[in-house]
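Residue numbers (the numbering used here): 37 to 511. We put the beta carbon where it would ideally sit given N, CA and C, even for glycine. Small disclaimer: the values here were computed from a predicted structure and weren't measured.
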Amino acid sequence: MSSTVQACGIYARISSDDGTALGVGRQIEDCTKEAKRRGWPLSEVFTDNDVSATKAKRRPEYERLLAAIESGAVDALVVYDVDRLTRTPAELERFIDLADRHHVALASVGGEVDLATPQGRLTARIKGSVARHEVEQMSRRLKRKFQQNATEGKAHGVTPFGYRRERIIDDQGRDAGYREVIDPAQADAIRELYRMVIAGETLRSIAKYLNDAGFKTGRGNAFAGNVVGNMLRRPRYAGHRTHEKQIVSKGDWEPIVSQDTYDQALAILSTPGRRHSRGLEPKYLLSGIALCGRPGCGAALRPNIHKPRPDGKQRGPGYACPECMKLTRQMGPVDSVVNDFMVGYLTKFDLRSTAGESPTALGSALDARDAVLARMDTVADSFARGEVTARQMVRINEQLQAQLTTAERDIQRLQPTRILEGLTGPGAPAAWAATSIERKRTIIRSLMKITILPSGPGVRFSEDQVRIEPKEEIM
Ligand SMILES: [Zn+2]
37 MSSTVQACGI
47 YARISSDDGT
57 ALGVGRQIED
67 CTKEAKRRGW
77 PLSEVFTDND
87 VSATKAKRRP
97 EYERLLAAIE
107 SGAVDALVVY
117 DVDRLTRTPA
127 ELERFIDLAD
137 RHHVALASVG
147 GEVDLATPQG
157 RLTARIKGSV
167 ARHEVEQMSR
177 RLKRKFQQNA
187 TEGKAHGVTP
197 FGYRRERIID
207 DQGRDAGYRE
217 VIDPAQADAI
227 RELYRMVIAG
237 ETLRSIAKYL
247 NDAGFKTGRG
257 NAFAGNVVGN
267 MLRRPRYAGH
277 RTHEKQIVSK
287 GDWEPIVSQD
297 TYDQALAILS
307 TPGRRHSRGL
317 EPKYLLSGIA
327 LCGRPGCGAA
337 LRPNIHKPRP
347 DGKQRGPGYA
357 CPECMKLTRQ
367 MGPVDSVVND
377 FMVGYLTKFD
387 LRSTAGESPT
397 ALGSALDARD
407 AVLARMDTVA
417 DSFARGEVTA
427 RQMVRINEQL
437 QAQLTTAERD
447 IQRLQPTRIL
457 EGLTGPGAPA
467 AWAATSIERK
477 RTIIRSLMKI
487 TILPSGPGVR
497 FSEDQVRIEP
507 KEEIM
């Protein structure tokens, strides 16, 4: 439990009923040491003075502590000993229930009080060992309850983004804990985040989306990419309850995304290398663009990344047909034929002022399509490295293909010549060379149909194996 503590509270109480008159300053000091020793970041100190205690007397700071536990502002607590925290067995029971619901870690100093008299020391030792025993009992009970709650699918811990807490009032009007219900605005955002992951967007851009929309973390901070990644990996959004990182039951809360969506996103989030890469920008000029020229095929080619051979030599990347599996070409020569053609074409291109009906819509359609293609590239790479099974790849690609078709249709409809601004005329060779691979892909795809023609065995690569046909609608 202690490894995940983020905000430790200390509760101290002055009391006249224990005979030790232990100073509150001393309690706090020792509790602080104990928190430090355990590596728990100290967040708040709660101090009550109930010297004139009667059992009914309110303890405002104790109540504030309970509220802090409820809101998740405090997830660990150090007390001098248990009798500082609770005054009656019934109160102790209620506290255990609360700590149970909120997964609060507990520690006590143990009452090692430096008293002046041997008698005092003895009292303190007995008291201390009793207190330690109580804390250990509490810990054991809590652990058992966590397990039980987990098996029963009950929510625990800080309410996750996407949900909010709703009080349960029993039929006698008493507080009966809480349940987690969907927060509609946050849940919509969560669904959008999963969509973005599946579309291949970077965690950084996904975090930016959340921040731009004005959302904050539970602690009121801006979202960072790794935080969002960890959040979306949580099976609870698909309705699963986990205990010690294992799915143990179906949660008693409403899922926000389907199992299918969660699986897809998780496959992507678990792709090694993703965390450190700049994201999922397309890496290859013509993957998903160039078509297989074998009669009757016509499938879009995918990158073909070769595994290193035992002799250490590495073949360069190629394009390969995923359908007929009979056409492959080295990437380098094919790309250079297409680049040369594009430069020649753009140099002569007369850019007419045909701004699209909706540049924003066009922009987002282009983005959507590139994201899908980038995703396809990444999946192909993962497959080549053996990190994704063929079945997973096919499944992910099927879904991506549907998104691709939609984006393509939108682009078709939304006029493509805008994207050529600054790239035509005499400056075309330099401008093209300086253009990002994403934009090159967009342009090539919008303007050209590229087909790789089959060649017989042993036939060397030649330019005429790459057929480039300008698409009619923009001529
Ligand atoms: Zn083919």
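Element boundaries [alpha helix (DSSP H), containing residue 384]:
Indexing the sequence shown from 1 puts residue 384 at position 348. Unbroken alpha helix (DSSP H) run through residue 384: 367–384.
Spatially closest choice to residue 63 from 116, 425, 354, by CA coordinates
Residue mapping note: residue 63 aligns to position 27 of the sequence shown, counting from 1. The option with the nearest alpha carbon to residue 63 is 116.
Give a yes or no on whether the C-beta atoms belonging to residue 303 and residue 408 are separated by under 8 Å.
Reading the sequence shown from its first residue, position 267 is the one you call residue 303. Reading the sequence shown from its first residue, position 372 is the one you call residue 408. No; because the gap between Cβ atoms is not below 8 Å, this pair is not in contact.
Reduced DSSP category for residue 82 - H, G, I as helix; E, B as strand; rest coil
Residue 82 sits at position 46 when you count from the first residue of the sequence shown. Strand, per DSSP.
Please identify the residue among 195, 419, 144, 383 whose C-alpha is closest to the C-alpha of residue 137.
Indexing the sequence shown from 1 puts residue 137 at position 101. Checking every option, the nearest Cα to that of residue 137 belongs to 195.
Does any residue of chain D have a CB that is nearer than 8 Å to the CB of residue 487?
Protein chains in the displayed structure number just one, and chain D is not present.
Is residue 61 helix, strand or coil by DSSP?
By 1-based counting over the sequence shown, the position of residue 61 is 25. In this structure, residue 61 counts as helix in the three-state DSSP scheme.
Can you tell me where the beta strand (DSSP E) holding residue 203 begins and where it ends?
Locating residue 203 in the sequence shown gives position 167, counting from the first residue. Taken as a continuous stretch (DSSP letters only), the beta strand (DSSP E) holding residue 203 covers 199–205.
Sort out for me which residues DSSP pairs residue 142 with in a bridge.
As a working note, residue 142 is residue 106 in the sequence shown. According to DSSP, which records beta bridges pairwise, residue 142 is partnered with 113.
At a cut of 8 Å, does the region 325–334 reach the region 257–270 through at least three beta carbon pairs?
no
Excluding five sequence neighbours on each side, which residues of the same chain lie with their C-beta closer than 7 Å to the C-beta of residue 267?
Numbered from 1 along the sequence shown, position 231 holds the residue referred to as residue 267. Excluding positions up to five away in sequence, the list reads 197.
In angstroms with no decimal places, state the Cα-to-Cα distance between residue 106 and residue 298.
One-based indexing of the sequence shown puts residue 106 at position 70. One-based indexing of the sequence shown puts residue 298 at position 262. If you take the alpha carbons of residue 106 and residue 298, they lie about 29 Å apart.
State the start and end residues of the unbroken beta strand (DSSP E) segment that holds residue 340.
If you number the sequence shown from 1, residue 340 lands on position 304. Per DSSP, residue 340 belongs to the beta strand (DSSP E) from 338–340.
Using the beta-carbon count (16 or more within 10 Å), is residue 254 buried or exposed?
Residue numbering aside, residue 254 sits at position 218 when the sequence shown is read from its first letter. Its Cβ having fewer than 16 others within 10 Å, residue 254 is exposed.
Do residue 489 and ligand 1 come close, with the Cβ less than 7 Å from some heavy atom?
As a working note, residue 489 is residue 453 in the sequence shown. For ligand 1, not one heavy atom lies less than 7 Å from the Cβ of residue 489.
Kindly list the residues whose CB is nearer than 7 Å to the CB of residue 121, restricted to its own chain and excluding five residues on each side of it in sequence; keep chain order.
Residue mapping note: residue 121 aligns to position 85 of the sequence shown, counting from 1. The residues are 47, 115, 131.
Whether or not the region 234–251 and the region 212–226 are in contact is what I'm after, with contact meaning three or more pairs of Cβ atoms, one per stretch, closer than 8 Å; do they touch?
yes
Could you check whether residue 365 and residue 473 sit closer than 8 Å to each other, using their CB atoms as the reference points?
Counting from one through the sequence shown, the residue named residue 473 turns up at place 437. Counting from one through the sequence shown, the residue named residue 365 turns up at place 329. No, Cβ-Cβ distance for residue 473 and residue 365 is not below 8 Å.
Buried or exposed by the 16-neighbour rule on C-beta atoms within 10 Å, applied to residue 306
Here residue 306 refers to the residue found at position 270 when the sequence shown is read from its first residue. Counting Cβ neighbours within 10 Å, residue 306 comes out exposed, since fewer than 16 surround it.
On the DSSP bridge list, what partners appear for residue 503?
Indexing the sequence shown from 1 puts residue 503 at position 467. Answer by DSSP bridge pairing, in chain order: 487.
Where residue 391 falls: helix, strand or coil (DSSP):
As a first step, residue 391 is located in the sequence shown; it is residue number 355 there, counting from the start. Residue confidence for residue 391 is low, a pLDDT of 41 falling below 50, so the modelled location carries little weight and cannot support an answer.
Out of curiosity, what's the CA-to-CA distance linking residue 463 and residue 382?
On the sequence shown, residue 463 is found 427 positions in, with the first residue counted as 1. On the sequence shown, residue 382 is found 346 positions in, with the first residue counted as 1. Rounded to whole angstroms, residue 463 to residue 382 spans 9 Å at the Cα level.
Alpha-carbon to alpha-carbon, residue 339 and residue 28
In this structure the chain extends from 37 to 511, so residue 28 is not present and cannot be described.
Between the Cα of residue 73 and those of 100, 60, 41, spot the shortest distance and give me the residue it belongs to.
As a first step, residue 73 must be located in the sequence shown, where it is residue number 37. Ranking 100, 60, 41 by Cα distance to residue 73 puts 41 first.
Just to confirm before moving on: does the CB-CB distance between residue 479 and residue 327 stay below 8 Å?
Here residue 479 refers to the residue found at position 443 when the sequence shown is read from its first residue. Here residue 327 refers to the residue found at position 291 when the sequence shown is read from its first residue. No, these two residues do not count as a Cβ contact at 8 Å.
Judging by CA-CA distance, which residue of 236, 231, 214, 65 is the nearest neighbour of residue 411?
Residue 411 sits at position 375 when you count from the first residue of the sequence shown. The shortest Cα separation from residue 411 among 236, 231, 214, 65 belongs to 236.
Look up residue 49 in the DSSP assignment and give the residues it is bridged to.
Here residue 49 refers to the residue found at position 13 when the sequence shown is read from its first residue. Partner(s): 84.
Return the CA-CA distance between residue 311 and residue 49, expressed in angstroms with no decimal places.
Walking along the sequence shown from the start, residue 311 turns up at place 275. Walking along the sequence shown from the start, residue 49 turns up at place 13. Residue placement at residue 311 is poorly supported in this model, since its pLDDT is 40, which falls under 50; the coordinates are not used for a value here.
Residue(s) in a DSSP beta bridge with residue 460
Indexing the sequence shown from 1 puts residue 460 at position 424. Per DSSP, none; premise fails for residue 460.
Count the other CB atoms, across all protein chains shown, that sit within 10 Å of the CB of residue 516; report buried if there are 16 or more and exposed otherwise.
With the chain covering only 37 through 511, there is no way to say anything about residue 516.
I'd like to know whether the C-beta atoms of residue 35 and residue 413 end up nearer to each other than 8 Å.
Look at the range of the chain in this structure, 37 to 511, and you will see that residue 35 is not part of it.
Does DSSP put residue 67 in a helix, in a strand, or in coil?
Translated into positions along the sequence shown, residue 67 becomes position 31. In this structure, residue 67 counts as helix in the three-state DSSP scheme.
Would you say residue 319 touches ligand 1, meaning its beta carbon is less than 7 Å from a heavy atom?
Numbered from its first residue, the sequence shown carries residue 319 at position 283. False, no ligand heavy atom lies under 7 Å from that Cβ.
May I ask you to check if the CB of residue 326 is nearer than 7 Å to at least one heavy atom of ligand 1?
Numbered from its first residue, the sequence shown carries residue 326 at position 290. Not so, every heavy atom of ligand 1 lies at least 7 Å from the Cβ.
Mind checking who residue 357 pairs with in its DSSP beta bridge?
Within the sequence shown, residue 357 is the residue found at index 321, counting from 1. The partner list for residue 357 (beta bridge, DSSP) is empty, contrary to what the question assumes.
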